[in-house]
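What follows is one structure encoded as structure tokens, with my remarks underneath.
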Amino acid sequence: MRLFRSLSALLLFAMAASACSIEPWVMPYERDHIADPIMSFDRDPVSSSYIHHVYEAREGARGATGSAGGGCGCN
Amino acid sequence: MFRAHGHWRNRGLALVTLVFAFEAAFAAVLPEDRADVLYHSYDGGGVTIDGPSVLVRKQFAGKFSASANYYIDSVSSASIDVVTTASPYEEERTQYSLGLDYLRDRWMFNIGFASSKENDFDAQTVSLGISQDLFGDLTTISLGYSLGDDIVTRRGDEDFSDTIKRQHYRLGVSQILTQNLLLGFSYETITDEGFLNNPYRSVRYLDATSATGFNYEPEIYPRTRTSDAAALRMRYYLPYRAALHLEYRSYSDTWGIDADTVELGYTHPLDDGITIEAKVRSYSQGNAEFFSDLFPYEQFANFIARDKELSTFSSTTLRLGISYDILDGGWKFIERGTVNFVYDHILFDYENFRDLRQTTGLAPGAEPFYDFDADVIQIFISFWL
Numbered sequence: 048m049r050l051f052r053s054l055s056a057l058l059l060f061a062m063a064a065s066a067c068s069i070e071p072w073v074m075p076y077e078r079d080h081i082a083d084p085i086m087s088f089d090r091d092p093v094s095s096s097y098i099h100h101v102y103e104a105r106e107g108a109r110g111a112t113g114s115a116g117g118g119c120g121c122n
Numbered sequence: 002m003f004r005a006h007g008h009w010r011n012r013g014l015a016l017v018t019l020v021f022a023f024e025a026a027f028a029a030v031l032p033e034d035r036a037d038v039l040y041h042s043y044d045g046g047g048v049t050i051d052g053p054s055v056l057v058r059k060q061f062a063g064k065f066s067a068s069a070n071y072y073i074d075s076v077s078s079a080s081i082d083v084v085t086t087a088s089p090y091e092e093e094r095t096q097y098s099l100g101l102d103y104l105r106d107r108w109m110f111n112i113g114f115a116s117s118k119e120n121d122f123d124a125q126t127v128s129l130g131i132s133q134d135l136f137g138d139l140t141t142i143s144l145g146y147s148l149g150d151d152i153v154t155r156r157g158d159e160d161f162s163d164t165i166k167r168q169h170y171r172l173g174v175s176q177i178l179t180q181n182l183l184l185g186f187s188y189e190t191i192t193d194e195g196f197l198n199n200p201y202r203s204v205r206y207l208d209a210t211s212a213t214g215f216n217y218e219p220e221i222y223p224r225t226r227t228s229d230a231a232a233l234r235m236r237y238y239l240p241y242r243a244a245l246h247l248e249y250r251s252y253s254d255t256w257g258i259d260a261d262t263v264e265l266g267y268t269h270p271l272d273d274g275i276t277i278e279a280k281v282r283s284y285s286q287g288n289a290e291f292f293s294d295l296f297p298y299e300q301f302a303n304f305i306a307r308d309k310e311l312s313t314f315s316s317t318t319l320r321l322g323i324s325y326d327i328l329d330g331g332w333k334f335i336e337r338g339t340v341n342f343v344y345d346h347i348l349f350d351y352e353n354f355r356d357l358r359q360t361t362g363l364a365p366g367a368e369p370f371y372d373f374d375a376d377v378i379q380i381f382i383s384f385w386l
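Going down the list, the sequences are from chains A and B. Residue numbering for the first sequence follows my numbering, starting at 48 and increasing by one per position. Residue numbering for the second sequence follows my numbering, starting at 2 and increasing by one per position.
Here it is, written out as structure tokens:
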């Protein structure tokens, strides 16, 4: 929990401090591979949510199964 | 007569995960309009579960995307727990969820609601999320919170009713590292408070007065649990058009369970609209502190459990998936579609949970360890609108 708060504070700070002033080292026109559907962390949400449910019902571990966002910005 | 569920602990939890699952994956772009119709089937360890799942997502007013999911589990169970301590049963679980994404500049806001009902469990969840693209859209950061309220009852016992309150705190970072490499990091803390055990399950203890040498009493779990999970994911675009996927998750909780998950996957589109996917997943965990297959005597400790899900075990999954593009040129309001088949074969291997179907001539605690295989099938059609 403490770790979560620390990381959240760090991320909120990053969000607040960012003015997107950093020059992207992979330019938007260079992201055709990243934008390919085969590179999606979660290509079929209806399928991945089902299989996560299958595992959660039978295993002790839980959480952090999400796709964590795409971050492509190239559509 | 005791009944025994195979997936009691995580019912409400699954609902919370579901709400997260349908949140927009891309922060600065609204998700595509899409409809999926899926049939799922699980068959393993004497349990069969199948049913439909329908997911629809649609943009409106230029800044919003709404999603809705309807899901059914039809369960028929004669699991190892049921066979040894209870009676086989059938039941149905119905679940629906609604979500709304709002896009403003580089910020995405999500709200969600989900509800799951069955004859002895009622769960409701609300969730909130926010995400933002940073650094020329190379980085996406997301934060999420969910609150779940469950009501637990017990069939055949009208006097019993209890509650569970669940809270999820989630953060995620997704990072474009190179033109071909995408990284993802997820961290999630979950706290549960309330009646966390299965009201039908029991533990085993040594009893010299019993003909079998052992006897059963109801299990007792702690009423609180906090878990932390962190996962690192990587997708790499290969020199030819194909993707390699690697994932590691580390898990620990206040019940003493530690677990590791490793996944390696490969996605390969062929020329004629077919995409194949193969994956290997390996999972292993240590048992909860209060787990034992056989306690020395009755009421041995404040907390006692014999759920195989809390034992020391490993599971290995082999997956093969095939997707086929249809309606390539579109049809009426449909832009394109896919037909998909996904097969997972899962092997569960328990290291300190014993198979009590085979007790003849064996002293208590000398029975073989339990293992089983499961076949999981998904068939679904997807349409982009």
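Even glycine gets a Cβ: it sits at the ideal position worked out from N, Cα and C.
If you measure from the beta carbon of residue i to each beta carbon in chain A, is any gap under 9 Å?
i              : result
L357 (chain B) : no
R337 (chain B) : no
S211 (chain B) : no
Y90 (chain B)  : no
I258 (chain B) : yes
D34 (chain B)  : no
H346 (chain B) : no
N181 (chain B) : yes
G63 (chain B)  : no
I177 (chain B) : yes
A26 (chain B)  : Because the pLDDT at A26 (chain B) is just 46, under 50, the model does not fix this residue reliably, and the value given afterwards should be weighed accordingly. Interface residue, yes.
R250 (chain B) : yes
F136 (chain B) : yes
A124 (chain B) : no
Y188 (chain B) : yes
E310 (chain B) : yes
A5 (chain B)   : Unreliable positioning characterises A5 (chain B) in this predicted model, as indicated by a pLDDT of 39, which lies under 50. A coordinate reading is not provided.
T268 (chain B) : yes
N70 (chain B)  : yes
N116 (chain B) : It should be noted that the sequence gives Ser, not Asn, for residue 116 (chain B). Chain A contact via Cβ: absent.
A79 (chain B)  : no
R171 (chain B) : yes
For residue i, collect the residues of the same chain with a Cβ closer than 6 Å to its Cβ; drop the 5 residues on either side in sequence, then sort them by chain order.
i              : result
A25 (chain B)  : In this prediction, A25 (chain B) scores a pLDDT of 48, lower than 50, which makes its location untrustworthy; no coordinate-derived value is stated.
I54 (chain B)  : Per the sequence shown, the amino acid found at residue 54 (chain B) is Ser instead of Ile. Taken in chain order, the residues that qualify are L39, Y72.
F114 (chain B) : L99, V127
N122 (chain A) : Bear in mind that the predicted position of N122 (chain A) carries a pLDDT of just 32, short of 50, making it unreliable; the figure below should be weighed with that in mind. If we look at N122 (chain A) and ignore the five residues flanking it on each side, it has no Cβ neighbours.
F27 (chain B)  : For F27 (chain B), the predicted model reports a pLDDT of 45, less than 50, meaning its position is unreliable and no value from the coordinates is stated.
A36 (chain B)  : V57, F384
R107 (chain B) : A29, Q133, D134
D44 (chain B)  : D376
Of all the options the options, which has the alpha carbon lying nearest to the alpha carbon of residue i?
i              : options                        : result
S132 (chain B) : B:N216, B:Y344, B:L104         : B:L104
E194 (chain B) : B:A212, B:Y222, B:Q180, B:I177 : B:Y222
G214 (chain B) : B:P369, B:L178, B:G362         : B:G362
S293 (chain B) : B:Y217, B:N341, B:S253         : B:Y217
T85 (chain B)  : B:Q359, B:A367, B:D374         : B:Q359
E77 (chain A)  : B:D82, B:A87, B:Q180           : B:Q180
D308 (chain B) : A:G113, A:E106, A:Y97          : A:E106
T227 (chain B) : B:T255, B:T210, B:E248         : B:T255
D121 (chain B) : B:I152, B:D134, B:L129         : B:I152
F161 (chain B) : B:R35, B:Y325, B:F196          : B:F196
E248 (chain B) : B:R234, B:T225, B:R94          : B:R234
K64 (chain B)  : B:I50, B:T141, B:D34           : B:D34
T140 (chain B) : B:Q176, B:E119, B:Q60          : B:Q176
D372 (chain B) : B:S75, B:S211, B:N353, B:E91   : B:N353
E70 (chain A)  : B:G46, B:I323, B:D138          : B:D138
F334 (chain B) : B:P365, B:L311, B:L386, B:L295 : B:L386
Along chain D, which residues have their Cβ under 8 Å away from the Cβ of residue i?
i             : result
Y76 (chain A) : Reference to chain D is not applicable here, since the protein chains of this structure are A and B.
Identify, in the order they occur along the chain, each residue of the same chain with its Cβ nearer than 7 Å to the Cβ of residue i, setting aside the five sequence neighbours on each side.
i              : result
L321 (chain B) : A279, Y344
I327 (chain B) : G338, T339, V340
P89 (chain B)  : S78, A79, V83
With a threshold of 8 Å on Cβ separation, who are the neighbours of residue i within its own chain once the five nearest residues in sequence on each side are excluded?
i              : result
L271 (chain B) : I277
H80 (chain A)  : M86
**Report entry** Near-chain A residues of the region 353–386 of chain B - C-beta to any C-beta below 9 Å
**Finding:** A375, V377, Q379, F381, S383
Query raised in the report: For the region 192–200 of chain B against the region 148–157 of chain B, are there 3 or more C-beta pairs whose distance is under 8 Å?
Result: yes
**Report entry** Interfacial residues, the region 35–56 of chain B to chain A, with Cβ spacing under 7 Å
**Finding:** D37, L39, H41, Y43, S54, L56
Query raised in the report: Would you say the region 173–191 of chain B touches the region 203–213 of chain B, given that touching needs at least three Cβ pairs under 8 Å?
Result: no
Requested in this report: Check whether the region 296–308 of chain B touches the region 317–331 of chain B, counting contact only when three or more Cβ pairs, one atom from each stretch, lie closer than 8 Å.
Outcome: no
Query - contact_flag[the region 329–346 of chain B, the region 364–380 of chain B] where n(CB pairs < 8 Å) is 3 or more - result: yes
Report task. Could you say if the region 281–292 of chain B and the region 260–272 of chain B meet the contact criterion of at least three C-beta pairs nearer than 8 Å? Result -> yes
Query - chain B contacts from the region 92–115 of chain A (Cβ-Cβ distance under 8 Å) - result: P92, V93, S94, S95, S96, Y97, I98, H99, H100, V101, Y102, E103, A104, R105, E106, G107, A108, R109, G110, A111, T112, G113, S114, A115
Query raised in the report: Which residues, in chain order, does the region 274–285 of chain B contribute to contact with chain A at a C-beta distance below 8 Å?
Result: T276, Y284
Report task. Determine, using beta-carbon pairs with one atom in the region 162–181 of chain B and one in the region 132–146 of chain B, whether at least three such pairs fall under 8 Å. Result -> yes
Report task. For the region 137–166 of chain B, enumerate the residues whose C-beta is nearer than 9 Å to any C-beta of chain A, in chain order. Result -> G137, D138, L139, T140, T141, I142, S143, L144, G145
Query raised in the report: Taking a cut of 9 Å between CB atoms, which residues from the region 228–245 of chain B lie near chain A?
Result: S228, D229, A230, A231, A232, R234, R236, Y237, Y238, R242, A243, A244
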